[in-house]
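Colleague: With UniProt numbering applied, the sequence shown covers 1 to 380. First the structure, which I've put down as structure tokens, then a few questions once you've had a look.
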Amino acid sequence: MNLAETAQAAFTEAYGTGPAGLWAAPGRVNLIGEHTDYNDGFVLPFALPQRTVAAAGPAPDGRWSVCSTLAPEPVVFGVTEPGDVTGWGAYVAGIVWALQDAGFEVPPARIAIASDVPLGSGLSSSAALESAVLTALIDLGGLDVPTERRPAIAQRAENVYVGAPTGILDQSASIRCRAGHALFLDCRSYAVEQIPFDLAGEGLAILVINSNAPHQHVDGEYGERRKSCEAAAAALGVPALRDVSTAELPQALDRLDDDVLRRRARHIITENQRVLDTVSLLRSGRVREIGPLLTASHASMRDDFEITVDQVDVAVQAALDAGAYGARMTGGGFGGCVLALVDTGRADATAAAVAAAYEQRGFTAPTSWVATAGPGAARV
Ligand code: GLA
């Protein structure tokens, strides 16, 4: 059974009838632009082929029910406020709430979820869930919600209902990415440019390496980083760190008297520039040349933003030693995945080199695969 059939079967099993339709939304990797989203900056994600499928149909009891292959007993709720539904059902109740809060009449629905996005690996499994449910409810209700508005609604579900202070990267990637493209997003204006990202044609591949490191202190540390960035922007008298260019960086650093704030700000300001430089290179077809930008991004996350762990640092170094053009951690940090830009023919050898480095250090074995840019959320 493929994923869509699995979701359909879960629906029928839970509700005793078939769904009205199936909607899918992908996980993502972020090529570059980490923690820049909540600084009004730039990001460049692409959607993974791994996705979450929501089988959905109308609910005769006027409420919302959601189950999944991992939790077959449905979570059932009516109109709720943030805090009423907790656990994984909060992501779904949050979407219903955020749509209602934005003024939409959300159709009562029964939903069943199946997903092959690895959970808790920094690949946006939660945004995939939110985006699949959001797309399903919009279509079921015939709601007029333009695509460019949708990520902010899903983000509000996560920020206010689930209570995670994340930016708009993940939901934008899941909803707005296109197959074969990376999504260049301005997180202030929400303007996007679809950047052709055909690596195979260049003889290149993005190897994704899941460090399988246990996520630690993720929520608290994420919120801390966000606060530091806001404090740095306030001290510099700008609305967000996005408003400081690399040309202005030396003066900006002089004006910050706290070393931690200085390093946090330096990561964001240089990372925004690396996104812009990556986009310029991709636009002119100079794909291999983005490698050093990826690696510089990793060093900045490791040394200035301090969000890496040993497992991801070791994976990056092992990939580079094996000949990768560039490598970096992707996602929020404190574990999660690394991506490496490699010649197609070197993907297996690079994965093996990382596995060997892990074995030598006694780390849990990593999981690696070649990622291609898949489509964003849609009915399937
Ligand atoms: C997580 C958050 C995103 C973004 C990234 C870091 O994935 O959900 O909003 O901040 O971390 O780039």
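Where is the CB? At the ideal position from N, CA and C, for every residue including glycine.
1. Have a look at Arg328 and Met301 and give me their C-alpha separation to the nearest angstrom.
2. I want to check one thing, is the minimum distance from the CB of His298 to the heavy atoms of the ligand GLA below 6 Å?
3. Could you check whether the segment 21-37 touches the segment 129-138, counting it as contact only if at least three pairs of C-beta atoms, one from each stretch, sit closer than 8 Å?
4. Is any non-hydrogen atom of the ligand GLA found closer than 6 Å to the C-beta of Asp198, if you look at the structure I gave you?
5. Name the one or two DSSP bridge partners that Asp186 has.
6. For Gln171, count neighbouring Cβ atoms within 10 angstroms of its own Cβ and tell me buried if that reaches 16, exposed if not.
7. Pop quiz: Ala191 and Arg110 are said to be a contact at Cβ under 8 Å. What is the actual Cβ separation, rounded to whole angstroms?
8. Check His181 in the structure and name its three-state DSSP category.
9. When you compare each of Ala71, Asp144, Asp348, Thr86 to Ala164 by their alpha carbons, which one comes out closest?
10. Given this structure, state the Cα-to-Cα distance separating Ala299 from Glu306, to the nearest angstrom.
11. To the nearest whole angstrom, what separates the beta carbons of Val260 and Ser297, a pair I think is in contact under 8 Å?
12. Under 7 Å between the Cβ atoms of Ala154 and Phe46?
13. Quick check for students: name the residue ranges of the alpha helix (DSSP H) that lie wholly in the UniProt domain "GHMP kinase C-terminal" (280-359), counting only runs of 4 or more.
14. Hey, how far is the Cα of Asp277 from the Cα of Leu31?
15. Does the separation of the CB atoms of Leu44 and Phe197 fall below 7 Å?
16. How many Å lie between Ala349 and Gln360 at the Cα?
17. Compute the distance between the beta-carbons of Gln50 and Asp116, then report whether it is under 7 Å.
18. Can you confirm whether the segment 332-344 touches the segment 281-295 when touching is taken to mean that 3 or more C-beta pairs between the two stretches lie within less than 8 Å?
19. Nearest to Pro72 by CA position, among Leu119, Ala14, Gly62, is which residue?
20. Kindly list the residues whose CB is nearer than 8 Å to the CB of Leu3, restricted to its own chain and excluding five residues on each side of it in sequence; keep chain order.
21. Bridge partners for Thr52 per DSSP, in chain order?
22. Quick one: is Leu282 buried, meaning 16 or more other Cβ sit within 10 Å of its Cβ, or exposed?
23. Thinking C-alpha only, which one of Phe334, Phe11, Val275, Gly78 is nearest Asp61?
24. Do Gly167 and the ligand GLA come close, with the Cβ less than 6 Å from some heavy atom?
25. For the ligand GLA, is there any heavy atom lying closer than 6 Å to the beta carbon of Asp343?
26. Let me check you understand the geometry: is the CB of Asp257 closer than 6 Å to at least one non-hydrogen atom of the ligand GLA?
27. Using the Cβ count rule (16 or more neighbours within 10 Å means buried), how would you classify Gln8?
28. When DSSP labels each residue in this structure, what does Arg110 get in the three-state scheme?
29. Classify Arg63 as helix, strand or coil using the three-state DSSP reduction.
30. Among Gly285, Cys187, Pro214, Thr330, which has the Cα closest to the Cα of Leu123?
31. Roughly how many angstroms separate the alpha carbons of Tyr325 and Ile206, rounded to a whole number?
32. Measure the CB-CB distance between Ile269 and Leu256 and report whether it falls below 7 Å.
33. Can you check whether the CB of Val287 is closer than 7 Å to the CB of Glu193?
34. Can you tell me which of the three DSSP states Gly245 falls into?
35. So if DSSP puts Ser124 in a beta bridge, which residue, or which two residues, is it bridged to?
36. Given the structure, does Glu34 come close to the ligand GLA, in the sense that its CB is under 6 Å from one of the ligand's heavy atoms?
Modeller: Reading off the structure:
1. Position 328 of the sequence shown, counted from the first residue, corresponds to residue 328. Position 301 of the sequence shown, counted from the first residue, corresponds to residue 301. Computed Cα separation, rounded: 9 Å.
2. Numbered from its first residue, the sequence shown carries residue 298 at position 298. No - the ligand GLA has no heavy atom lying nearer than 6 Å to the Cβ of His298.
3. yes
4. Indexing the sequence shown from 1 puts residue 198 at position 198. Flag unset: Cβ of Asp198 not near the ligand GLA.
5. Reading the sequence shown from its first residue, position 186 is the one you call residue 186. BP columns for Asp186 point to Phe42.
6. Residue 171 sits at position 171 when you count from the first residue of the sequence shown. The residue is buried, with at least 16 neighbouring Cβ atoms inside 10 Å.
7. Residue mapping note: residue 191 aligns to position 191 of the sequence shown, counting from 1. Residue mapping note: residue 110 aligns to position 110 of the sequence shown, counting from 1. Actually they are not in contact, since the Cβ atoms of Ala191 and Arg110 sit about 37 Å apart, beyond 8 Å.
8. If you number the sequence shown from 1, residue 181 lands on position 181. In this structure, His181 counts as strand in the three-state DSSP scheme.
9. Numbered from 1 along the sequence shown, position 164 holds the residue referred to as residue 164. Considering only alpha carbons, the answer is Thr86.
10. Within the sequence shown, numbered from 1, the residue matching residue 299 stands at position 299. Within the sequence shown, numbered from 1, the residue matching residue 306 stands at position 306. Near 9 Å, if we compare the C-alpha coordinates of Glu306 and Ala299.
11. Your numbering for residue 260 matches position 260 in the sequence shown. Your numbering for residue 297 matches position 297 in the sequence shown. No, Val260 and Ser297 are not in contact; Cβ-Cβ is about 19 Å, not under 8 Å.
12. Stepping through the sequence shown from its first residue, residue 154 is reached at position 154. Stepping through the sequence shown from its first residue, residue 46 is reached at position 46. Contact: no.
13. 291-303, 310-321
14. For the purposes of this step, residue 277 is taken as the residue at position 277 of the sequence shown. For the purposes of this step, residue 31 is taken as the residue at position 31 of the sequence shown. Taking the straight line from one Cα to the other gives about 12 Å.
15. Taking the first residue of the sequence shown as position 1, residue 44 is located at position 44. Taking the first residue of the sequence shown as position 1, residue 197 is located at position 197. Not in contact: Leu44 and Phe197 (Cβ atoms no closer than 7 Å).
16. The residue you call residue 349 lines up with position 349 of the sequence shown. The residue you call residue 360 lines up with position 360 of the sequence shown. Cα-Cα distance, rounded: 16 Å.
17. Taking the first residue of the sequence shown as 1, we reach residue 50 at position 50. Taking the first residue of the sequence shown as 1, we reach residue 116 at position 116. Closer than 7 Å, so yes.
18. yes
19. Looking up residue 72 in the sequence shown gives position 72. Per the Cα distances, Ala14.
20. As a first step, residue 3 is located in the sequence shown; it is residue number 3 there, counting from the start. These residues qualify, in order along the chain: Ala24, Arg51, Val53, Ala114, Ser115, Asp116.
21. Walking along the sequence shown from the start, residue 52 turns up at place 52. Answer is Ala25, Ser115.
22. Reading the sequence shown from its first residue, position 282 is the one you call residue 282. With 16 or more other Cβ atoms within 10 Å, it is buried.
23. Translated into the one-based positions of the sequence shown, residue 61 becomes position 61. Selected option, being the one with the closest Cα: Gly78.
24. Taking the sequence shown and counting its residues from 1, one reaches residue 167 at position 167. Yes, the Cβ of Gly167 comes within 6 Å of a heavy atom of the ligand GLA.
25. Here residue 343 refers to the residue found at position 343 when the sequence shown is read from its first residue. Not so, every heavy atom of the ligand GLA lies at least 6 Å from the Cβ.
26. Here residue 257 is taken as the residue at index 257 of the sequence shown, counted from 1. No, the beta carbon of Asp257 sits no closer than 6 Å to any heavy atom of the ligand GLA.
27. Against the sequence shown, residue 8 aligns to sequence position 8. Classification of Gln8: buried, given that the 10 Å Cβ count is 16 or more.
28. Locating residue 110 in the sequence shown gives position 110, where the first residue counts as 1. It is a strand residue.
29. Stepping through the sequence shown from its first residue, residue 63 is reached at position 63. In the structure shown, Arg63 sits in coil (DSSP, three-state: anything other than H, G, I, E or B).
30. Counting from one through the sequence shown, the residue named residue 123 turns up at place 123. Ranking Gly285, Cys187, Pro214, Thr330 by Cα distance to Leu123 puts Thr330 first.
31. Indexing the sequence shown from 1 puts residue 325 at position 325. Indexing the sequence shown from 1 puts residue 206 at position 206. Going from the Cα of Tyr325 to the Cα of Ile206 covers about 10 Å.
32. Within the sequence shown, numbered from 1, the residue matching residue 269 stands at position 269. Within the sequence shown, numbered from 1, the residue matching residue 256 stands at position 256. Not in contact: Ile269 and Leu256 (Cβ atoms no closer than 7 Å).
33. Your numbering for residue 193 matches position 193 in the sequence shown. Your numbering for residue 287 matches position 287 in the sequence shown. Their beta carbons are not under 7 Å apart, which means Glu193 does not touch Val287 by this criterion.
34. The count along the sequence shown starts at 1 and reaches residue 245 at position 245. In the sequence under discussion, the amino acid at residue 245 is Ser, which differs from the Gly named in the question. Three-state DSSP puts Ser245 in coil, outside helix and strand.
35. Position 124 of the sequence shown holds residue 124. Ser124 pairs with nothing; no bridge assigned.
36. Numbered from 1 along the sequence shown, position 34 holds the residue referred to as residue 34. Indeed, a heavy atom of the ligand GLA lies less than 6 Å from the Cβ.
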